[in-house]
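S.K.: In this note's numbering, the protein residues as written are 823 to 970. For every residue, glycine included, the Cβ atom is placed at its ideal position computed from N, Cα and C.
1) In chain order, what residues of the same chain have a beta carbon less than 7 Å from the beta carbon of residue 941, not counting five sequence neighbours either side?
2) Note down, in chain order, each residue of its chain lying with its Cβ closer than 8 Å to the Cβ of residue 893, except the 5 sequence neighbours on either side.
3) Any idea which residues DSSP pairs residue 922 with across the strands?
4) Which partner residues of residue 910 appear in the DSSP bridge assignment?
5) Measure from the alpha carbon of residue 911 to the alpha carbon of each residue in 823, 843, 835, 837, then state which is nearest.
6) Are residue 838 and residue 867 closer than 9 Å when you measure CB to CB?
7) Starting from residue 837 and walking both ways along the alpha helix (DSSP H), at which residues does that stretch end?
8) Among 861, 869, 887, 923, which residue has its Cα nearest to the Cα of residue 876?
9) How would you call residue 946, buried or exposed, if buried means at least 16 neighbouring beta carbons within 10 angstroms?
10) What is the DSSP secondary structure of residue 878, counted as helix, strand or coil?
11) Where do the ends of the beta strand (DSSP E) carrying residue 826 lie?
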């Protein structure tokens, strides 16, 4: 397994697969509309949002997509690597998660990030995060807006 950072050209060559993977794991605060996906594609192409492909070396095929960005907290200027979306489309061994985590940790550290952060409601991902030493006690809270 390799985690390969895609260039804008590779993103366009694989856009149908990438788009499908992103759509499957969008955070709950993202409105489900065509405009949102176009905006995400634009951000990938200007490399504001990064696209990582999980590549099976033996079969030379893709089996997942991860999107990330450096998120800077406006109040404290703390830098974190935000996993915006993550989707695996094939069965894989558990060590794939550890390898990906090690690679993204090195990437984040080289960019002066303090940690890797992510949002999920998938219990399997939460368990994996715990197994990798992640703090899963925090929760993202989302409140609907009141209608007048």
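M.R.: On the basis of the supplied data:
1) As a working note, residue 941 is residue 119 in the chain shown. 849, 962.
2) Start at 1 with the first residue of the chain shown, and residue 893 comes out as number 71. Counting only Cβ-Cβ distances below 8 Å, and skipping sequence neighbours, we find 901, 902, 903, 904, 939.
3) Looking up residue 922 in the chain shown gives position 100. In the DSSP output, where bridge partners are listed per residue, residue 922 has none listed.
4) Your numbering for residue 910 matches position 88 in the chain shown. Paired residues: 886.
5) The residue labelled residue 911 in the question sits at position 89 within the chain shown. If we check each option's Cα against that of residue 911, 843 comes out closest.
6) What you label residue 838 is simply residue 16 of the chain shown in a count that begins at 1. What you label residue 867 is simply residue 45 of the chain shown in a count that begins at 1. Not in contact: residue 838 and residue 867 (Cβ atoms no closer than 9 Å).
7) Counting from 1 along the chain shown, the entry for residue 837 is found at position 15. Taken as a continuous stretch (DSSP letters only), the alpha helix (DSSP H) holding residue 837 covers 837-846.
8) Taking the chain shown and counting its residues from 1, the one referred to as residue 876 is at position 54. Closest option to residue 876, Cα to Cα, is 887.
9) Taking the first residue of the chain shown as 1, we reach residue 946 at position 124. Exposed, because fewer than 16 other Cβ atoms sit within 10 Å of the Cβ of residue 946.
10) Mapped onto the chain shown, residue 878 falls at position 56. Residue state, collapsed to three classes: strand.
11) The sequence position of residue 826 within the chain shown is 4, counting from 1. Here the beta strand (DSSP E) through residue 826 covers 824-827.
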